[in-house]
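Written below as structure tokens is the structure these notes are about.
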Amino acid sequence: MKFREDINALRAIAVIAVVIFHFNHAWLPGGFAGVDIFFAISGFLMTMIIVKGLERENFSIIAFYKARVRRIIPALAFLCFALMVLGFFLLSPIDYLNMGKDTSASLTFTSNFVYWKESNYFDASSIEKWLLHTWSLSVEWQFYLLYPVVLVVLNKFLNLKQLKLLLVAATILAVLLSIYVTSNTSRAAYFLLPTRAWQMLAGGLVFLYPIALGPKAKSFSLTFGLGLIVLSFFLFSAETPWPGYAALLPIIGACLVLVSNNGESVLVDNKVCHLIGKWSYSIYLWHWPIIVAGFYFSLGEHWWVIGLPLSVFLGALSFKFIESKTLADYGLNKGRYLLKPLPAASILAVFGLVVFQTNGLLNRLAEPERTLVASAIAAKEDWSYPEANKIIGPLKVRLISGKTDKNILILGSSHAEQLYPYVKSLDSDYNVYFLTNGGCLATPSMKHPKWNCDNLQKYQLLLDNVKFDKIVTTFFNFDVYLSDNDTKRQQQFATRTKEYNALLARLKAASKEVYLILGEPRGEEFNPPAVIRHGLKDFMTEEDTRKTYAIHQKALSRFTELDGINIIDPIEHLCSEGICRTSNHEQGFFYRDNNHMRPWYAVKSLTYLEDIFR
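Each residue of the sequence shown is one higher than the last, beginning at 1 in the UniProt record's numbering.
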């Protein structure tokens, strides 16, 4: 195929959008859609390669896979190698073990599964994951593995016309599946191939159904397609359920550009698009670790001034010295066997797994640092909230059975869940029901693509089925998902304040005793990895931790339903003389992250709640 400037420009636009979005969401709130554009391009090119080969009757699946290996693995493997070498010297073991795990997952193209499975409320922030962006490469690779096999098999039973019609039907069904899953399990929809395949299939349909356009139509198709893409970058944001309906806009835009086959317009045939498009894959690979480095080493909010050009520079170097090499350059001769992409990547993937299994090569540390790091690693995994053991209608409930027919409901987020080990230790007379969703509020406007809050927000179904003598609810993450946009933030605050007030009224109507537990001490001083990483002190001042709850205090002052509600302030009980301790020498860290107690600490410290359960 003749080099197409329009496709190269699409790559440039896609990577520019993704990079800008990652450096600052506010600059281009929908820039993440650049990944979707990459998917459409891949679908177009892969369909062209496979179908042309089938038509000529010389298509080889092995040759196809070899070409994909040469295209993708060398630059990715070099990035992972560089990170693992630098990480050995610069990262704490707790961060290095995660890098090892992610390196192994990235090089085996399973990182999308890893990040999907890890996407629970307690998972490390995305900004701490050096290879998070490789999820999209894993999705593409899985498509590359399956797509040619499916087409080769179908080609044995169908003629080209029938095959094309079947792919049209498959694309439509895949779109519907994506929309359905996005509306129900958005994290799975975001990371997994079945809900992303339609974006690649859509690009493939452009090749299968070529449209001959005149000069004016080409220009219109190109301009309109680019307009839809740019519109999607500003119309959507991280709060938009994705991919779903919304992703149709950038995909249609990308397909219109592909249909145009117009490489002569100054919009696409210019020096910037030409260079950035060529370097796009390597820029994509390097930009995210550079962003993470800025966070990890506290390089400041203006790190982008260096980080953006550095991403382009390293991408250009990677293209010149890694991507541009031919397969022969990677050592077809026996003497350079280890430089072959696949064996080298395999060795590195195994090494990453070893790093993960050995807790970041923990034994290289001397005491007492080794014990401290081991405690931090143990703290990260320390959580004892069980699976649901009772189903009431559509609700999943955890029930601790008591000795009487009296009932208590504990309602809230993970900060309600952390009460579980303490309540379990009491052997209370009450039947204690836990209705929770990590990261959620029981208010209807609390919608976020990362969490499914339905279980918690349908609490009224439980109130209708069970008579509760007491209800306990937590008031913690009111601020977590307020928008960064000032106008939206004010609107969300007003809405959620009103809804939370209505929630309190409902709880008061449902039970004679209602308890509202405010937030416990929180901050990076409680976070084991941060303590290891930055050498933080083993306490936080009460004043500093209360500052983190300013928005909660503002909301409390506007609640009108507080009369008759028992308000409990954990900070009053967990801090002493203005100091909130974060660890001790005997048992190590009190928290598993910066705001969740470890089970043993909950049992030890939540005694101020005992009267509720007696």
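C-beta atoms are modelled at their ideal positions from N, C-alpha and C, and glycine is treated no differently.
7 angstroms Cβ shell around Q142 - same chain, five flanking residues per side excluded: F109, L193
Option nearest D427 by Cα separation, candidates E323, I612, P343, R581: I612
Sub-7 angstroms separation of C273 and A9 beta-carbons: yes
Among D429, I517, F23, L456, nearest to H573 - alpha-carbon criterion: Relative to H573, the option among D429, I517, F23, L456 whose CA is nearest is I517.
Exposure label - E367; buried when at least 16 CB within 10 Å: It counts as exposed.
Unbroken alpha helix (DSSP H) run spanning A407, endpoints: Before going on, a small fix: residue 407 reads as Asn here, not Ala. Where N407 is concerned, there is no enclosing alpha helix (DSSP H), although the beta strand (DSSP E) it sits in stretches over 407 to 412.
Classification of S511 by the beta-carbon crowding that lies within 10 angstroms, buried from 16 upward: buried
I113 - containing alpha helix (DSSP H), residue span: Residue identity differs from the one stated: residue 113 is Phe in this sequence, not Ile. From DSSP, the alpha helix (DSSP H) with F113 extends over 111 to 117.
Own chain partners of S425 with C-beta closer than 7 angstroms, once the 5 adjacent residues on each side are dropped: Only V603 meet the Cβ criterion.
For A379 and L362, believed in contact at Cβ under 8 angstroms, the rounded distance: Not a contact, Cβ separation roughly 14 angstroms.
Whole-angstrom distance between G519 and T582, CA atom to CA atom: 15 angstroms
Distance between P29 and H287 (C-alpha atoms, nearest Å): 17 angstroms
Contacts around G335, its chain only, beta-carbon distance under 6 angstroms, and the 5 residues preceding and following it disregarded: Residue confidence is low: G335 scores 45 on pLDDT, short of 50, so the model does not pin down where it sits. No coordinate-derived value is stated.
N- and C-terminal bounds of the beta strand (DSSP E) containing N566: 565 to 568
Boundaries (first-last residue) of the alpha helix (DSSP H) holding N184: 160 to 184
Proximity winner among K129, A293, V312, relative to G277 (alpha-carbon distances): V312
Sequence-distant residues of the same chain with beta carbon closer than 8 angstroms to L461, five excluded per side: Result list for L461: I392, G393, P394, L395, in chain order.
P570 beta carbon less than 7 angstroms from that of D421: According to the sequence provided, residue 421 is Pro. The question's Asp does not apply to it. Their beta carbons are not under 7 angstroms apart, which means P421 does not touch P570 by this criterion.
Buried or exposed (CB count within 10 angstroms, at least 16 for buried), L285: Counting of Cβ neighbours within 10 angstroms places L285 among the buried residues, the total reaching 16 or more.
Proximal residues to D382 (C-beta, below 7 angstroms), its chain only, five neighbours per side dropped: R592, R598, P599
4 or more residues per run - each alpha helix (DSSP H) lying fully within the stretch 366 to 404: 369 to 380
W242, buried or exposed, once every other Cβ within 10 Å from all chains shown has been counted against 16: buried
Supposed close pair L441, N477 - CB separation, criterion 8 angstroms: 7 angstroms
Helix, strand or coil at S104 [DSSP, three-state]: helix
Cα-Cα separation, L503 to L167: Each residue's Cα considered, the two are about 49 angstroms apart.
Contiguous alpha helix (DSSP H) assignments of at least 4 residues, all confined to the stretch 443 to 498: Within the stretch 443 to 498, the complete alpha helix (DSSP H) runs of at least 4 residues are 454 to 457, 459 to 465.
First through last residue of the alpha helix (DSSP H) which encompasses L151: 135 to 155
Cα-Cα separation between I306 and I62, rounded to whole angstroms: 42 angstroms
Which of helix, strand or coil DSSP assigns to T545: If DSSP states are grouped into helix, strand and coil, T545 belongs with the helices.
Bridge-paired residues (DSSP) for I229: Note: I229 sits in no beta bridge, so no partner.
Whole-number beta carbon distance between M446 and E496, since they are thought to touch under 8 angstroms: The amino acid at residue 496 is misidentified as Glu; the sequence shows Arg. Yes, R496 and M446 are in contact; Cβ-Cβ is about 7 angstroms, under 8 angstroms.
Residue environment, T240, which counts as buried when at least 16 other CB atoms sit within 10 Å: buried
Segment contact, 8 angstroms Cβ cut-off, at least three pairs: the stretch 210 to 225 with the stretch 167 to 186: No, the stretch 210 to 225 is not in contact with the stretch 167 to 186.
Per DSSP, the bridge partner or partners of M597: Partner(s): Y591.
Where T582 falls: helix, strand or coil (DSSP): DSSP, reduced to helix, strand and coil, places T582 outside both helices and strands of the structure shown, so it counts as coil.
Residue 668, enclosing beta strand (DSSP E) - first and last residue: A question about residue 668 goes unanswered here, because the residues of the chain that appear run from 1 up to 614.
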